[in-house]
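Colleague: The structure follows.
Numbering (my numbering), first residue to last: 1064 to 1245.
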């Protein structure tokens, strides 16, 4: 079983990289699953707060508030989202070879996942000078800044163009598949 955690700010290219990696692994014959740490938050927004599920209009401020201010700070359930994700992996590992988690944001989550899955590969996706149209409050939220404090990334990918992003993905997949890379 291979597990990748893609970390980065909003609009950095985590989902694009994850989708590309899934396509490549599927083509190689590995069944691949894309997961999200924040799935429970999106389910709450959709099921109880009338969000229609349109990712172009996601309720980012609500998701940040529920995930950090309510679940972590008020209820002190620091591991809630990672625990739910790990339960999903424990079940789905009977059906999938590769897991790609495309929404890494918090150092504490990186550390928990590395504790539970020592072979996880954490990839930092950086897109310099990209305007992701977040409000100042959203840009300064811990979910947009905390990943900068992590120093143990297995790979750092600079998303300058789609072609370069895909080349970096190919390189990572080759390395993780045991192909020597010069």
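All residues carry an ideal CB built from backbone N, CA and C; glycine is no exception.
(1) Pick helix, strand or coil for residue 1197, following the three-state DSSP scheme.
(2) Go to residue 1111, then tell me how far its alpha helix (DSSP H) extends in each direction, as first and last residue.
(3) Tell me which residue opens and which closes the alpha helix (DSSP H) that residue 1153 is part of.
(4) Mind checking residue 1061: buried by the 16 CB within 10 Å criterion, or exposed?
(5) Closest by CA to residue 1240, which one among 1079, 1084, 1070, 1069?
(6) For the pair the segment 1088–1105 and the segment 1160–1172, tell me if three or more CB-CB distances fall below 8 Å.
(7) For the segment 1141–1152 against the segment 1098–1115, are there 3 or more C-beta pairs whose distance is under 8 Å?
Modeller: So, from the data block:
(1) coil
(2) 1102–1111
(3) 1143–1155
(4) Summary: the structure shown does not reach residue 1061, with the chain confined to residues 1064 through 1245, and so no result is reported for it.
(5) 1084
(6) yes
(7) yes
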